[in-house]
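First comes the structure, then the notes that go with it.
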Amino acid sequence: ELCGSNPLQSPNALAYFEQLKISPDAWQVCAEALMLNPQPEKTFIRNKAAQVFALLFATEYLTKWPKFFFDILSVVDLNPRGVDLYLRILMAIDSELVDRDVVHTSEEARRNTLIKDTMREQCIPNLVESWYQILQNYQYTNSEVTCQCLEVVGAYVSWIDLSLIANDRFINMLLGHMSIEVLREEACDCLFEVVNKGMDPVDKMKLVESLCQVLQSAGFFSIDQEEDVDFLARFSKLVNGMGQSLIVSWSKLIKNGDIKNAQEALQAIETKVALMLQLLIHEDDDISSNIIGFCYDYLHILKQAIMLAVMKKLTYDEEYNFENEGEDEAMFVEYRKQLKLLLDRLAQVSPELLLASVRRVFSSTLQNWQTTRFMEVEVAIRLLYMLAEALPVSHGAHFSGDVSKASALQDMMRTLVTSGVSSYQHTSVTLEFFETIVRYEKFFTVEPQHIPCVLMAFLDHRGLRHSSAKVRSRTAYLFSRFVKSLNKQMNPFIEDILNRIQDLLELSPPENGHQSLLSSDDQLFIYETAGVLIVNSEYPAERKQALMRNLLTPLMEKFKILLEKLMLAQDEERQTSLADCLNHAVGFASRTSKAFSNKQTVKQCGCSEVYLDCLQTFLPALSCPLQKDILRSGVRTFLHRMIICLEEEVLPFIPSASEHMLKDCEAKDLQEFIPLINQITAKFKIQVSPFLQQMFMPLLHAIFEVLLRPAEENDQSAALEKQMLRRSYFAFLQTVTGSGMSEVIANQGQGASDIPDPIAQKTSFNMHLSQSWIDPLQQPDAKVFKNYLKVFFQRAKP
Numbered sequence: 003e004l005c006g007s008n009p010l011q012s013p014n015a016l017a018y019f020e021q022l023k024i025s026p027d028a029w030q031v032c033a034e035a036l037m038l039n040p041q042p043e044k045t046f047i048r049n050k051a052a053q054v055f056a057l058l059f060a061t062e063y064l065t066k067w068p069k070f071f072f073d074i075l076s077v078v079d080l081n082p083r084g085v086d087l088y089l090r091i092l093m094a095i096d097s098e099l100v101d102r103d104v105v106h107t108s109e110e111a112r113r114n115t116l117i118k119d120t121m122r123e124q125c126i127p128n129l130v131e132s133w134y135q136i137l138q139n140y141q142y143t144n145s146e147v148t149c150q151c152l153e154v155v156g157a158y159v160s161w162i163d164l165s166l167i168a169n170d171r172f173i174n175m176l177l178g179h180m181s182i183e184v185l186r187e188e189a190c191d192c193l194f195e196v197v198n199k200g201m202d203p204v205d206k207m208k209l210v211e212s213l214c215q216v217l218q219s220a221g222f223f224s225i226d227q228e229e230d231v232d233f234l235a236r237f238s239k240l241v242n243g244m245g246q247s248l249i250v251s252w253s254k255l256i257k258n259g260d261i262k263n264a265q266e267a268l269q270a271i272e273t274k275v276a277l278m279l280q281l282l283i284h285e286d287d288d289i290s291s292n293i294i295g296f297c298y299d300y301l302h303i304l305k306q307a308i309m310l311a312v313m314k315k316l317t318y319d320e321e322y323n324f325e326n327e328g329e330d331e332a333m334f335v336e337y338r339k340q341l342k343l344l345l346d347r348l349a350q351v352s353p354e355l356l357l358a359s360v361r362r363v364f365s366s367t368l369q370n371w372q373t374t375r376f377m378e379v380e381v382a383i384r385l386l387y388m389l390a391e392a393l394p395v396s397h398g399a400h401f402s403g404d405v406s407k408a409s410a411l412q413d414m415m416r417t418l419v420t421s422g423v424s425s426y427q428h429t430s431v432t433l434e435f436f437e438t439i440v441r442y443e444k445f446f447t448v449e450p451q452h453i454p455c456v457l458m459a460f461l462d463h464r465g466l467r468h469s470s471a472k473v474r475s476r477t478a479y480l481f482s483r484f485v486k487s488l489n490k491q492m493n494p495f496i497e498d499i500l501n502r503i504q505d506l507l508e509l510s511p512p513e514n515g516h517q518s519l520l521s522s523d524d525q526l527f528i529y530e531t532a533g534v535l536i537v538n539s540e541y542p543a544e545r546k547q548a549l550m551r552n553l554l555t556p557l558m559e560k561f562k563i564l565l566e567k568l569m570l571a572q573d574e575e576r577q578t579s580l581a582d583c584l585n586h587a588v589g590f591a592s593r594t595s596k597a598f599s600n601k602q603t604v605k606q607c608g609c610s611e612v613y614l615d616c617l618q619t620f621l622p623a624l625s626c627p628l629q630k631d632i633l634r635s636g637v638r639t640f641l642h643r644m645i646i647c648l649e650e651e652v653l654p655f656i657p658s659a660s661e662h663m664l665k666d667c668e669a670k671d672l673q674e675f676i677p678l679i680n681q682i683t684a685k686f687k688i689q690v691s692p693f694l695q696q697m698f699m700p701l702l703h704a705i706f707e708v709l710l711r712p713a714e715e716n717d718q719s720a721a722l723e724k725q726m727l728r729r730s731y732f733a734f735l736q737t738v739t740g741s742g743m744s745e746v747i748a749n750q751g752q753g754a755s756d757i758p759d760p761i762a763q764k765t766s767f768n769m770h771l772s773q774s775w776i777d778p779l780q781q782p783d784a785k786v787f788k789n790y791l792k793v794f795f796q797r798a799k800p
């Protein structure tokens, strides 16, 4: 007005402005000018004025002008023009103090925090009251001012006390605005900001649910009846906020262990899913895109919820009988397998989520394992065990490659071995501990410092000396696997381990009444472990030989004593138990040889002599007339191993062994003996030609004698045994010819048996023998066959 259109008046105007600058009431004059001008100022003027006031506020409020808002309100009164300026100033102040897009110096950031703290203490309740009055006064008369005020409430709600807004009178007014067409978009946005406010998860859940109830009652959930797409886009954003807020609440409650309220939150989320899907499939893309955040988070929570459910259902209940597992227990074990498949499928979809979920459960449980129930400790370790298959990697690569995964698994394994949980007094936890140790044995190549304490767990009352036979048995197997997989790391501990397992290697003869800690099957694994330790050690051959002799000599000595006792035994039960014990001794010696390989042969390790001594010790058992089935079977198995391990050094023992094994034969004996001869023939070929020449006819005599024995007409078992023996016979002939020693047969004359069995026929034809050999074999008639054999044996006589 002072400047007008006449430039001559400019000096007066400038003088006036200079005077205004130094006047303490200048702000009031400006505010009144903006509010009392009969023609409303243009929007950009009002915005610029609000910005100036906001900067003035930021500079002066803490020092010179603490009553800033009270002064502004006193001038504004409820004049619409004044309210407009007041609301614009508030928005400008919020931008200055809170807007994250504005870059502030650290000094400005500290100032802004102090201003907000001071406002909360001094004037925020008064401002909120002024907003309420503005909304109430203008909601039906001035939609522009009302919408502005709703925007202010939405902006400030993020950093003021929510209870000032989230109360009955305010929320009811906002909900009322949702039904007024010109206000409802802004009311929607305001409610969205209220819902987005960070707060206690239970309070947030209650707030969202009460809002939903009112909105649903008012018909807002009937999406198909709403034609205003602009409003629906805002409403979709509000539903998205409500859904995501509930999910945040659920996550916090789960983390806090508040399962009851977490369940309520989950139910609240699920009641919004139908509405979410309606908005997602809406033809308007804005409406659909505004709900995607909720969809994504819901899928995430669904996966988490399923994972948590699986983890819970994997848990044993109190009634599970670990000592005497029956049908119910078997059903639960089967059910656990199904849950594992579900977990594996979830891992394919969200490997990181599964890893994080397991890590959270594992860490919190192991932290307090001493005061946690066994089933929870067991399932925590079980989940770590299950990760190995759920998160598949190339063999042994769990601790390399993906750094975050390797780090998480490494942390959990470190916790497992250092937490002391191996001492937990329940078999299920102990077993799960050892299973997991062996499942992740590659961890110990990364952190070998943990090997000694784990070895002690295997060897003491937690493992091989546990009070439960079930734990001892499983540990024997797992210990064998652990040592084999980490043989390069075992060298410093070999002799200590061998000393500690000495008592577990003892044969337990039936007469001493001593109940061994391990069954004979379990002892097989301990012997194999001892063999692996010796053979893979870095010791020179002489030391390996000495250790292997220490291991096998007690077996040989015990074998000799027990064989003498068996020869004198009268009682059949005692004979059987002695024969079993002898068989175990042979089996244990045989098992130690499993450690040898192409790189570490018996000869290279200096152990040939020890095993030859074993052969010398065990072979006399073949001539024992008592319990010959058990004894022959054991010695035969040992011979198979020695043919592989000792090579030609075993050959001198074969003739006498064969002679003993061909005496008093049954079909089954021959069936099991022939593979041994086949092995020798195929391996040594021409080297064993003299031996084959010598034993060919005795073997045929034994075979034909068994085949021609009369049998009951309906004795299917005997018929089957004869059929299998015929197959073995032709397999033998094929091996001989296939090894280039057809002259062995030619020198004997020719002979065979009938072949009603197609498999044996096929083998026979594959041998490419002469037609004169084959033709008689195809006669199923017993008389023809007997006559043929008669001729054969006559021709075969020297």
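Using the working numbering, the first residue of the sequence shown is number 3, and each one after it goes up by one.
Cβ atoms here follow ideal geometry from the backbone N, Cα and C, with glycine treated the same way.
Only a predicted model underlies this, so the values are computations on that prediction, with no experimental measurement involved.
Between S253 and M309 the beta-carbon gap is near 13 Å, outside 8 Å, which marks them as no contact. Separation of L368 and V423 (C-alpha to C-alpha, rounded to the nearest whole angstrom) is 7 Å. Distances from the CA of C626 to each of E650, V588 and E566 were compared; the closest alpha carbon is that of E566.
Shown here, C609 sits in coil according to DSSP, grouped into three states, outside any helix or strand. When rounded, the separation of the alpha-carbon atoms in L554 and I679 is 27 Å.
Under the 8 Å Cβ criterion, the region 186-200 counts as touching the region 241-250, having at least three qualifying pairs.
Below 8 Å, too few C-beta pairs join the region 93-104 and the region 135-146 to call them touching: fewer than three. Remark: C-beta atoms of C616 and M558 approach each other more closely than 8 Å. Counting the other CB atoms within 10 Å of its CB gives H463 a total below 16, which places it among the exposed residues. Residues of the same chain with a CB within less than 6 Å of the CB of F296, apart from the 5 flanking positions on each side, are N242, G245, Q246 and M278 in chain order. If only uninterrupted beta strand (DSSP E) runs of at least 3 residues are considered, none is enclosed by the region 286-316. Inter-residue distance for L633 and Q695 is about 27 Å (C-alpha atoms, whole angstroms). Listed in chain order, the non-local C-beta contacts of V204 below 6 Å within the same chain comprise N263, local neighbours out to five positions each way being set aside. In this structure, L727 lies near I705, with their beta-carbon atoms less than 8 Å apart.
Across the set I117, S145, R186 and I182, the C-alpha of I117 shows the shortest separation from the C-alpha of I162. The region 269-289 and the region 319-332 do not touch, with fewer than 3 CB-CB distances between them shorter than 8 Å. Listed in chain order, the non-local C-beta contacts of G533 below 6 Å within the same chain comprise T594 and A597, local neighbours out to five positions each way being set aside.
Per the C-alpha coordinates, the member of L411, L520, T739 and R48 positioned closest to L393 is L411. The beta strand (DSSP E) runs of length 3 or more contained entirely in the region 187-268 do not exist; there are none. In this structure the region 280-287 lies against the region 224-233, because at least three pairs of beta carbons, one per stretch, are closer than 8 Å.
Judged by DSSP in its simplified three-state form, F732 adopts helix. One thing to note: L87 has its Cβ no nearer than 8 Å to the Cβ of R112. The C-beta of T683 has 16 or more other C-beta atoms within 10 Å across all chains shown, which makes the residue buried.
In this structure, the beta-carbon distance from Q629 to T578 falls below 8 Å. DSSP places C151 in the uninterrupted alpha helix (DSSP H) bounded by S145 to Y158. Shown here, E331 sits in a helix according to DSSP, grouped into three states.
Fully contained in the region 527-576 are the following alpha helix (DSSP H) runs of length 4 or more, in chain order: 543-570. With respect to the C-alpha of M313, the residue from V381, V351, F495 and L735 having the closest C-alpha is V381. Setting aside the 5 residues that flank it on each side, F620 is surrounded in the same chain by F561, V588, V637 and F640, each with a C-beta closer than 7 Å to its C-beta; the list follows chain order. D103 sits in coil when the DSSP states are folded into three classes, being neither helix nor strand.
By a beta-carbon distance limit of 8 Å, A659 does not contact E723. Their separation comes to about 23 Å. Across the set E649, I499, P127 and E434, the C-alpha of E434 shows the shortest separation from the C-alpha of M388.
DSSP places Q280 inside the alpha helix (DSSP H), whose first and last residues are V275 to L282. With 16 or more other Cβ atoms inside 10 Å of its own Cβ, P511 counts as buried. In the three-state scheme derived from DSSP, where H, G and I count as helix and E and B as strand, G742 is classed as coil.
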